[in-house]
Structure formats: structure tokens, C-alpha cells
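The block underneath contains the structure these notes are about, expressed in C-alpha cells.
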Amino acid sequence: MIGNEPFFNLDLAGFICQLEVKNSKWRDCLREKFKAFLLQKGKPDLRFLILPSKKFTDISLKFSRNSNEIIVYCPRNLNFFKRLNFYLKVGAADFLLNENAFLLHASSFIKDNRGYLFSGKRRAGKSTIIKLSHSSSGVYLLNDDFSLVRRLKEDHYVFSTPFYETTPINKKPKKAQIKAIYFPIQSDKNNLERVIPHKALPILASNILSSLNMPDVKRYHSNKETLGLIWSAASRVVGKVPCYNLYFKKDGSFLRLIK
């Protein structure tokens, strides 16, 4: 799959995600960006067909109702990678919701072989936590913006993803069982506050990515169906994984609370 074919496969939390890219320069760019997640072979579970287009001024997604194929139309004068990267996340998000998995607006790392997620909206402190944890001994950084959560049997795992991050992370396929989820709150002191499941549920659900975040996307699920999938996914997680408000100082000392 690494030859001259117009497509290549990626490891997406154990799913095979295929990107077929007609433009050779775009294909070479994406293959280089995602090289740590390249797979040699396998039948795709999810397929993106990425096409140049003169019709659109921004990227447009078109979902197929009868298969897990997504057509991505890209204008030629696009600031290509950064914009496309986000739309690939949106396309993958809807697929994952049907597969006991989802993309969560959260940074994440592994510590003592367990996964920890820090979920919140923009400016909540997700990337700050990753930057403060970057040089800490025993911490392996997974994601700083969106983290992939997948249920395997009765447990939930967090996976690294091939998607671009705002903080430079030496990424490769890796996963860990989730020990806890934190909702970060910047403060002048460090403290943990347990959030009971029925209060954690709407917070977590509001941070799950789907095509509902892009009202112009043509999708095959109705708003009601997509919301149902999001709510069900969040319900399963908060029923199994403890959630906390994490009040943290911007000096890295909060890490002693993560255990």
C-alpha cells in the first residue's frame, strides 16, 4: 500500500481507515503526516475519497448511506492539510459512533499504564495540561485536542490517533484502559472534585464530536439519531469511569493528583 497506488490505509484505534487521494501532491503530504499509522494491507472499515473540486470554496463532505464511504471535495487553493485534517475527524466521528467508539474533545496521556483524559471546550486548559506534562517522567502523551475512546468488551480505552495536533507530539499507535476523566479548570490551587455520573453525562456528551458540529455537512443520520448515539456513548462511559473537576495550577504540580 506504500507504492504508487492512489490510496493508503491507516490504523484508527484498530479500525482500518483508507484514504484515496487523486491529487498526488496531496497524497504524498498526507502519507508523510500520517506515516506512523500506515498499514500495509487490510480491508477498510472506513474509506475517504478525497477529490479536488472547482465547485466548492471550502471542504465539503458527502456521506454514503449504504457504506462507510465519505467523499471529501477540496478546493485547489485550500490551505490543504490543517483544514482537511479537521474534516477527516468529523467524518471519522460519525463512523465511530456506530462502532462503540467516539472522538472526544479532550487531551490525554498514559501514566502507569492507564489512560487519563482531560475534556473541555476551547481554552479550558486541555493543551496547557499536555504542555505542562510534556517533560514529566512516566507520562506518555497521546493527544492534545481530540482523543479517541473505544469500548472493548466491558472496558473503555483511549487511543492515539493519526490526526494533527496543535502541540508537537511524537505520535504512534498506542492505547490504554481509561482510569479517569477530568474536566480541567484553571485555578490558583490544585484540587479534585468528584462529579457524579448524572452530572458528568451532559458535560461529556457536549464534548463528543459529530457532524452535528458542522451544520452544512450532508449526513445520513438525522439529528435525533446522532444525538441518541452521543448520549448512549456518554452514558456507558460515565457509568464505568470516574469523572472529576480538576482545579489546577499552571506549574505542573497538579500531576500528583493524577493517579
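With my numbering, the residue at position 258 of the sequence shown is 1355, and numbering never jumps. Where is the CB? At the ideal position from N, CA and C, for every residue including glycine. Source: prediction; values computed, not measured.
Limits of the unbroken alpha helix (DSSP H) element including residue i
i     : result
G1325 : 1320 to 1335
L1127 : 1121 to 1130
L1309 : No alpha helix (DSSP H) contains L1309, which DSSP labels as neither H nor E.
K1223 : 1223 to 1230
From the options, residue whose alpha carbon lies closest to that of residue i
i     : options                    : result
A1277 : I1227, I1207, I1327, L1324 : I1207
A1198 : A1190, Q1274, S1204        : A1190
I1226 : P1103, D1348, E1102, K1356 : D1348
L1238 : P1281, V1255, S1157        : V1255
L1043 : L1127, K1140, G1188, L1146 : With the chain covering 1098 to 1356 only, the question about residue 1043 has no answer from this structure.
P1141 : S1244, D1252, G1111        : G1111
E1251 : V1338, S1307, N1320, R1219 : V1338
S1164 : L1245, F1192, E1129        : F1192
H1253 : K1321, S1307, Y1213, L1109 : Y1213
E1365 : F1160, K1271, L1109        : This structure cannot settle anything about residue 1365, because the visible part of the chain is limited to 1098 through 1356.
A1330 : E1129, C1126, R1248, R1128 : R1248
R1124 : K1159, L1158, F1178        : F1178
A1273 : F1160, E1102, S1161, S1244 : S1244
V1246 : K1228, R1220, N1267, F1215 : F1215
I1266 : R1220, K1321, K1228        : K1228
Own chain partners of residue i with C-beta closer than 7 Å, once the 5 adjacent residues on each side are dropped
i     : result
V1335 : P1294, A1297, L1298, L1301
N1182 : F1260, Y1261
N1287 : Y1344, F1345, K1346, S1350, F1351, L1354
H1231 : L1238
S1332 : L1298
K1186 : L1200, F1243, F1260, L1306
Chain-order list of residues whose beta-carbon lies under 8 Å from that of residue i (same chain, five-residue window excluded)
i     : result
L1107 : I1113, C1114, Q1115, L1116, F1131, F1134, L1135, L1136, P1259
I1156 : V1169, Y1170, C1171, P1172, L1175, R1180, L1181, Y1184
G1217 : H1202, A1203, K1223, F1280, P1281, N1304
T1263 : S1224, D1241, D1242
M1098 : Note that M1098 has pLDDT 42, beneath the 50 cutoff, so the model's placement of it is unreliable and no number is given.
V1236 : F1206, I1207, K1208, S1230, L1352
K1269 : A1133, F1134, S1257
V1292 : F1280, I1300, C1340, Y1341, N1342
Start and end residues, beta strand (DSSP E) containing residue i
i     : result
L1148 : 1143 to 1150
I1275 : 1272 to 1283
I1167 : 1166 to 1172
K1138 : No beta strand (DSSP E) contains K1138, which DSSP labels as neither H nor E.
F1160 : 1157 to 1160
Identity of the residues DSSP links to residue i by a beta bridge
i     : result
M1115 : One detail in the question is off: residue 1115 reads as Gln in this sequence, not Met. According to DSSP, which records beta bridges pairwise, Q1115 is partnered with N1106, R1144.
V1292 : C1340
V1246 : F1199, V1255
N1240 : S1205
G1212 : I1207, I1275
F1345 : Q1283
I1305 : L1201
Contact set for residue i: own chain, Cβ-Cβ below 6 Å, skip 5 residues either direction
i     : result
G1222 : P1281, Q1283
R1144 : Q1115, E1166
L1326 : L1194
L1146 : E1117, I1168
W1328 : A1302
K1271 : S1257
R1128 : F1105
Checklist line | Inter-stretch contact at 8 Å, needing at least 3 Cβ pairs: the segment 1271 to 1288 / the segment 1339 to 1356 | finding: yes
Next item on the list: May I ask you to verify whether the segment 1147 to 1154 touches the segment 1207 to 1221, counting CB pairs closer than 8 Å and requiring at least 3?
Entry: Contact between the segment 1147 to 1154 and the segment 1207 to 1221 is absent, with fewer than three C-beta pairs closer than 8 Å.
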